[in-house]
Structures are given as C-alpha cells and as structure tokens.
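Student:
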Amino acid sequence: MDIGQLTLLFREFSGKEPDVISPLPPSGSHRKYFRLTSGVFSAIGVYNDDLNENKAFLTFTRHFLSKKLHVPELYGVSADEHYYLLQDLGDTMLKTLIDNQSDAFEFPPTMIPWYKKALRELARFQVEGHRGLDYSACSPRDRFDRQSVLWDLNHFKYFFLKISGIPFDEQKLEHDFHAFASLLEEADPGFFLYRDFQSRNIMIHENECYFIDYQGGRRGALQYDPASLLFEARTNIPFETREQLLEYYLDEVTALTNTDRRQFMALFYPFALVRVLQAMGTYGLRGWVEKKPLFLQSVPFAINNLKWLLGDNRIPTSFPALRQVLTDITRTEKLLVNIPVRKDKLTVRIISFSYRNPIPDDLSGNGGGFVFDCRGIHNPGRYDEYKMLTGRDEAVQNFFREKSDMDQFLADVFSMTDRTISTYVERNYHHLQVCFGCTGGRHRSVFAAERLAERLKQNPNVIVELEHREMDMKA
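In short: position in the sequence shown from 1, add 6, done, that's the numbering used here.
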C-alpha cells in the first residue's frame with residue numbers, strides 16, 4: 007500500500023497536510039485503518055485491496071448518507087478505489103461502553119438505552135435504507151438466501167463441529183441443513199440485511215449510534231440483524247432483557263412497515279440459531295485454526311445461547327440430527343474451558359497430555375507457562391495390573407508414592423510454580439498454563455496434574471481449570 011494516497015486524499019479534502027498518521031489496531035478483516043490528524047481535525051483513512059468489497063461499501067455509504075442514516079461521511083476516494091477517507095467517529099464502540107461498565111461478564115442495565123438507540127436506527131436501515139439501494143454492488147451475494155444459509159451452516163460444521171470432535175452423521179446433518187434453509191426461505195426478503203450487526207460495529211458519536219462495516223450487507227429478512235445483536239456471545243445479555251429489547255425493536259420496525267409480529271416471531275429464533283452457529287464457526291476458525299485465543303473466550307457464552315434456543319420449542323423439533331449435535335455441544339465440558347478469566351483472580355489452567363500428540367497450545371493469549379516432562383518417573387503403565395487404570399485411581403496413586411520418586415518431582419514443581427504464581431498475583435496477571443506430559447497421558451501426567459490442582463485450590467487468589475486431554479478425547 008501507499009500511505010501517500012491517504013495523505014493526498016486528506017490534503018484534497020482539508021487543504022492541510024496531516025501532522026500525524028497513526029495506524030489503528032487491526033480488525034478481523036484485511037483492511038488497514040489509519041487516523042490522519044492536522045490540528046483539531048482528523049479523519050480515518052482506509053486501504054483495502056478487495057475492489058468488490060470497496061464498491062459495496064462506497065455504494066452503500068453514499069446511499070445511506072442520502073437517506074440521512076447514521077454512517078460516517080465519505081470525504082474522498084482514490085482513482086483506483088483502493089483508498090478512501092472517512093469521518094472520524096472516535097474510538098468509542100458500543101462494545102467499549104459495555105466493557106467499561108460490566109462486572110464479571112454481566113451485562114450492565116445502563117446499556118439498555120443505548121441498545122434501544124441502536125435497534126431504532128437498525129429499523130431505519132432495514133426499511134428506509136432498502137428503498138432505492140443498488141444491490142448489484144453487493145459482495146459476494148446480493149441477498150441472504152438459501153445458499154447463504156448453507157454457507158453459514160457449513161462454516162459451523164467445518165470450523166467448529168469437526169474441530170471440536172463432536173460426533174455426527176454427516177448425511178443426516180446435511181439433510182437437516184437443507185431443510186432448515188428451506189424453513190428460513192419463508193421469511194420476507196424485502197429489506198436491507200446488515201449481515202454483521204454487532205456491538206463492535208456500532209460507534210457512539212455525539213450521543214447517537216453510528217454504524218460501520220456494513221460492506222457485507224445485502225437484501226434479506228428482518229430477523230437476522232436484531233438476532234445478531236441480541237445473541238452476540240460476549241455481551242451476555244440476560245434472556246429477559248433480550249425479550250424486552252426485541253419487543254422494543256418490533257415496535258420500531260412495525261411503525262415503518264406492515265410487518266406481522268406473529269409471522270416475524272415464527273422465524274426469529276431459527277434466524278438467531280443460524281447467526282449463533284455462523285459465529286461459532288468463526289470462533290473455531292480464528293481461535294483453533296488461526297491461533298487467536300480471544301475468539302475462543304466467546305464459545306461458552308455461545309453455548310449458553312444454544313441451551314436457551316433449544317428450550318421451550320423455540321427451534322422446531324423436525325431437525326433431529328441438527329438438534330442432536332447442538333445438544334451434544336451443550337453437554338461437552340471441554341468446550342467451556344475458555345471462559346474469560348475473572349479480573350480479580352489468577353486463572354491457572356492445568357493440562358495433562360501425551361507426548362504422542364503436540365504440546366497443548368496456550369489459548370489464553372498470555373503465552374509462556376510451564377511444561378513438565380514426567381517421562382523420567384517410573385511408569386505404572388508398563389505393568390498389566392495398572393494398564394487400564396489412570397492417575398486418578400488409588401492403586402496407581404499408591405504406586406507413585408511407594409515405587410517412584412514422584413514426590414520429589416512434585417516438590418520441585420511446587421517450588422517453581424508457587425514462586426511464579428505469587429509474582430503473577432502480585433502483578434495482577436490473569437492467566438498461567440501448566441502442562442504435564444508423559445507417554446500415554448493417562449498415568450504420570452494425570453497424577454501430577456491432579457496433585458497441583460489440589461494444592462492450588464487452597465489458594466484464595468487462584469481459579470483452577472483442570473483438563474486431562476487424552477482422557478477427555480477418549481471419553
């Protein structure tokens with residue numbers, strides 16, 4: 007990219023040279039953002055090599071501005087349309103307000119007025135923004151249709167379901183996917199569908215909600231976007247609050263169009279499920295495949311959404327294979343290990359594993375930690391009477407106490423981990439990972455992990471997460 011192109015756009019619009027050009031933190035996309043400043047004036051410069059995406063964003067922005075909808079003003083576009091300059095809406099996202107006011111991952115009630123503002127503006131986008139919009143500019147598809155639903159469901163299957171190890175019958179699940187897509191086709195597609203309507207794409211500017219990152223928008227049903235916002239995993243909105251906000255949204259959108267509330271609600275929760283599954287596929291792709299651990303912190307909250315959606319017949323029962331895998335997900339404890347750590351305590355994740363498989367990744371984002379090799383300790387797995395047992399069984403535990411130097415090994419482990427944990431607590435660090443490896447991951451490593459967990463549970467400043475990887479994989 008050529009930063010001079012953004013400088014030129016800034017000069018042409020403001021008549022001034024930028025004093026400072028600062029890159030903004032990367033987002034989930036490949037676009038690059040910069041803040042250009044001269045005195046008190048600033049603007050946001052964007053570079054994107056995807057011309058189809060740029061065409062969609064620029065076309066939508068011009069149209070939404072003509073409708074007086076809340077989007078950033080467009081200050082200038084380069085001749086090749088790889089660069090453009092936007093109004094600077096500041097740094098405060100709706101998600102920023104939530105994070106600043108939330109405690110222990112609970113949704114703050116003070117956010118309800120802001121959510122109402124966002125939902126009121128969303129209704130305008132969906133109805134007024136739809137009128138006269140050139141959908142030929144959409145990328146990659148001009149409507150959220152059957153094919154789009156199937157893409158989302160398969161995104162979930164390949165990047166979450168298969169990677170997490172949940173068993174399923176692929177043919178039966180594929181049949182349910184197509185049937186589910188047919189169900190959603192019954193919704194009225196005559197509205198603008200934002201596609202990625204979440205708290206990170208809602209900016210707080212001049213006491214109003216402004217929208218960004220709508221380049222994936224297309225023609226579609228009303229239900230998808232409010233479901234995207236209200237079922238966003240990490241915001242963790244209480245279900246009763248969601249219902250109240252949904253009623254507010256319906257009041258707003260029915261004032262703009264003759265939508266039948268009963269017909270809307272008949273498909274709202276199925277649309278919410280598709281959005282939750284699409285998001286879970288993204289968490290798997292970003293977290294497990296691309297090794298970006300923060301995405302995995304949303305998984306437990308998404309699972310909580312699944313549990314609620316599966317209750318009280320919110321999702322039709324005519325999709326048995328789909329319901330079965332979703333039920334299995336909600337019952338799989340190993341998917342809950344990425345719950346975000348409490349800010350007032352140190353979370354120590356302890357894992358036993360086999361060296362026949364890779365050493366466990368630290369998915370917390372903290373990095374470092376300990377990996378202890380237990381293979382130098384006398385192995386009870388060599389003896390027939392212990393082969394079918396694990397480090398949790400009393401006979402194996404007695405073996406380690408009487409016929410090995412496990413006690414001395416653990417004394418050294420405790421000495422090192424105690425010192426580090428004390429320092430981490432003092433410095434207000436939030437995560438430490440400790441791994442124990444042996445040949446099979448069932449005897450020595452399991453026993454050592456259990457003893458450390460038992461010891462650390464006595465520490466009031468520590469939250470212990472314990473995982474026996476090989477045993478859990480076999481379960």
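No residue lacks a Cβ here, since even glycine has one placed at the ideal position from N, Cα and C.
Note that the coordinates shown come from a computational prediction; the quantities given were computed from them, not determined experimentally.
So, are the CB atoms of residue 268 and residue 230 less than 9 Å apart?
Tutor: Against the sequence shown, residue 268 aligns to sequence position 262. Against the sequence shown, residue 230 aligns to sequence position 224. Contact: no.
Student: Pick helix, strand or coil for residue 171, following the three-state DSSP scheme.
Tutor: Residue mapping note: residue 171 aligns to position 165 of the sequence shown, counting from 1. Residue state, collapsed to three classes: coil.
Student: Below 8 Å on the Cβ atoms is my contact criterion, and I expect residue 325 with residue 443 to pass it. Report the Cβ-Cβ distance as a whole number of Å.
Tutor: Looking up residue 325 in the sequence shown gives position 319. Looking up residue 443 in the sequence shown gives position 437. No, residue 325 and residue 443 are not in contact; Cβ-Cβ is about 41 Å, not under 8 Å.
Student: Could you pull the start and end residues of the alpha helix (DSSP H) that residue 177 belongs to?
Tutor: Within the sequence shown, residue 177 is the residue found at index 171, counting from 1. 176–190 is the span of the alpha helix (DSSP H), which, as asked, contains residue 177.
Student: Quick check on residue 67: buried or exposed, where buried means 16 or more other Cβ atoms within 10 Å of its Cβ?
Tutor: Working through the sequence shown from its first residue, we reach residue 67 at position 61. Buried, because 16 or more other Cβ atoms sit within 10 Å of the Cβ of residue 67.
Student: Could you tell me which residues DSSP pairs with residue 5 in its beta bridges?
Tutor: Outside the displayed span of the chain (7 to 481) sits residue 5, for which this structure offers no information.
Student: Do residue 308 and residue 285 have their C-beta atoms closer together than 9 Å?
Tutor: In the sequence shown, the residue the question calls residue 308 occupies position 302. In the sequence shown, the residue the question calls residue 285 occupies position 279. Their beta carbons are under 9 Å apart, which means residue 308 touches residue 285 by this criterion.
Student: Let's test the definition: count the other Cβ atoms within 10 Å of the Cβ of residue 99 and tell me whether it reaches 16, buried, or not, exposed.
Tutor: As a first step, residue 99 is located in the sequence shown; it is residue number 93 there, counting from the start. Buried is the call here.
Student: Expressed to the nearest angstrom, what Euclidean distance is found between the alpha-carbon atoms of residue 312 and residue 355?
Tutor: For the purposes of this step, residue 312 is taken as residue 306 along the sequence shown, with counting starting at 1. For the purposes of this step, residue 355 is taken as residue 349 along the sequence shown, with counting starting at 1. Cα to Cα, residue 312 sits roughly 25 Å from residue 355.
Student: Take residue 248 and list the residues in its own chain whose beta-carbon comes closer than 6 Å to its own, dropping the five residues that flank it on each side.
Tutor: Position 242 of the sequence shown, counted from the first residue, corresponds to residue 248. Cβ neighbours of residue 248 beyond the five flanking positions: 236.
Student: Give me the Cβ distance between residue 42 and residue 48, rounded to the nearest whole Å; I'm assuming they're in contact under 8 Å.
Tutor: Mapped onto the sequence shown, residue 42 falls at position 36. Mapped onto the sequence shown, residue 48 falls at position 42. With a Cβ gap of about 7 Å, residue 42 and residue 48 count as contacting.
Student: Inspect the beta-carbon positions of residue 182 and residue 327 and report whether they are closer than 9 Å.
Tutor: Mapped onto the sequence shown, residue 182 falls at position 176. Mapped onto the sequence shown, residue 327 falls at position 321. The answer is yes: Cβ separation under 9 Å.
Student: Where residue 435 and residue 366 are concerned, what is the direct C-alpha to C-alpha distance, given to the nearest angstrom?
Tutor: Along the sequence shown, one-based indexing puts residue 435 at 429. Along the sequence shown, one-based indexing puts residue 366 at 360. Distance between the alpha carbons of residue 435 and residue 366: 21 Å.
Student: With DSSP as the reference, please indicate the residues paired to residue 49 in a beta bridge.
Tutor: Residue numbering aside, residue 49 sits at position 43 when the sequence shown is read from its first letter. Paired residues: 42, 93.
Student: Count the CB pairs spanning the stretch 18–30 and the stretch 53–70 that are closer than 8 Å, and state whether there are at least three.
Tutor: The stretch 18–30 is not in contact with the stretch 53–70.
Student: Classify residue 141 as helix, strand or coil using the three-state DSSP reduction.
Tutor: Translated into positions along the sequence shown, residue 141 becomes position 135. Helix.
Student: Of the choices 63, 73, 364, whose alpha-carbon is the least far from that of residue 88?
Tutor: In the sequence shown, counting from the first residue as 1, residue 88 sits at position 82. Closest option to residue 88, Cα to Cα, is 63.
Student: Within the continuous beta strand (DSSP E) that includes residue 442, where are the two ends?
Tutor: Residue mapping note: residue 442 aligns to position 436 of the sequence shown, counting from 1. Residues 437–444.
Student: Could you name the residues that DSSP lists as bridge partners for residue 226?
Tutor: Position 220 of the sequence shown, counted from the start, is the residue given in the question as residue 226. 197, per the DSSP bridge assignment.
Student: In terms of DSSP beta bridges, what is residue 356 paired with?
Tutor: Counting from 1 along the sequence shown, the entry for residue 356 is found at position 350. For residue 356, which the question treats as bridged, DSSP gives the partners 440, 472.
Student: So is residue 347 buried or exposed if we call it buried at 16+ other beta carbons inside 10 Å?
Tutor: Stepping through the sequence shown from its first residue, residue 347 is reached at position 341. For residue 347, the predicted structure reports a pLDDT of 48, less than 50, and the residue's modelled location is therefore unreliable. A value from the coordinates is still provided. That one is buried.
Student: So is residue 207 buried or exposed if we call it buried at 16+ other beta carbons inside 10 Å?
Tutor: As a working note, residue 207 is residue 201 in the sequence shown. By the 10 Å Cβ count, residue 207 comes out buried.
Student: Find out if the Cβ-Cβ distance for the pair residue 468, residue 431 is shorter than 9 Å.
Tutor: Here residue 468 refers to the residue found at position 462 when the sequence shown is read from its first residue. Here residue 431 refers to the residue found at position 425 when the sequence shown is read from its first residue. Contact flag set, yes.
Student: Hey, residue 446 and residue 375: beta-carbon distance below 9 Å or not?
Tutor: Within the sequence shown, residue 446 is the residue found at index 440, counting from 1. Within the sequence shown, residue 375 is the residue found at index 369, counting from 1. Against a cut-off of 9 Å, the Cβ pair of residue 375 and residue 446 comes out as no contact.
Student: For the alpha helix (DSSP H) containing residue 275, list its first residue and its last residue.
Tutor: Locating residue 275 in the sequence shown gives position 269, where the first residue counts as 1. Where residue 275 is concerned, the enclosing alpha helix (DSSP H) stretches over 267–290.
Student: Do residue 262 and residue 124 have their CB atoms nearer than 9 Å?
Tutor: Position 256 of the sequence shown holds residue 262. Position 118 of the sequence shown holds residue 124. For residue 262 and residue 124, no; Cβs fall outside 9 Å.
Student: Bridge partners for residue 6 per DSSP, in chain order?
Tutor: Here the chain comprises residues numbered 7 to 481, so residue 6 is not present and cannot be evaluated.
Student: How would you call residue 173, buried or exposed, if buried means at least 16 neighbouring beta carbons within 10 angstroms?
Tutor: Here residue 173 corresponds to residue number 167 of the sequence shown, with the count starting at 1. By the neighbour-count rule (16 or more Cβ atoms within 10 Å), residue 173 is not buried but exposed.
Student: Counting pairs of beta carbons, one from the stretch 91–106 and one from the stretch 185–201, are three or more of them closer than 8 Å?
Tutor: No: the two stretches stay apart, fewer than three of their Cβ pairs being nearer than 8 Å.
Student: Straight-line CA distance for residue 234 to residue 176?
Tutor: Counting from 1 along the sequence shown, the entry for residue 234 is found at position 228. Counting from 1 along the sequence shown, the entry for residue 176 is found at position 170. Near 27 Å, if we compare the C-alpha coordinates of residue 176 and residue 234.
Student: Closest to residue 199 by CA distance: which of 265, 316, 228 is it?
Tutor: Within the sequence shown, numbered from 1, the residue matching residue 199 stands at position 193. Residue 228 is the option with its Cα nearest to residue 199.
Student: Run the CB neighbour count on residue 117, radius 10 Å, all protein chains shown included, and call it buried at 16 or more, exposed below.
Tutor: Taking the sequence shown and counting its residues from 1, the one referred to as residue 117 is at position 111. Per the 10 Å Cβ criterion, buried.
Student: Which ranges does the alpha helix (DSSP H) cover as unbroken runs of at least 4 residues, wholly within the stretch 304–329, from first to last along the chain?
Tutor: Here the runs fully enclosed are 305–316.
Student: Where do the N-terminal and C-terminal ends of the beta strand (DSSP E) with residue 382 fall, by residue?
Tutor: Counting from one through the sequence shown, the residue named residue 382 turns up at place 376. Counting along the chain, residue 382 falls outside any beta strand (DSSP E), and DSSP gives it neither H nor E.
Student: Would you mind giving the Cβ-Cβ distance between residue 108 and residue 114, rounded to the nearest angstrom? I have them listed as a contact below 8 Å.
Tutor: Working through the sequence shown from its first residue, we reach residue 108 at position 102. Working through the sequence shown from its first residue, we reach residue 114 at position 108. Rounded, the Cβ-Cβ distance is 5 Å, consistent with contact.
Student: Name the two residues that bound the continuous beta strand (DSSP E) containing residue 29.
Tutor: Taking the sequence shown and counting its residues from 1, the one referred to as residue 29 is at position 23. Residues 26–29.
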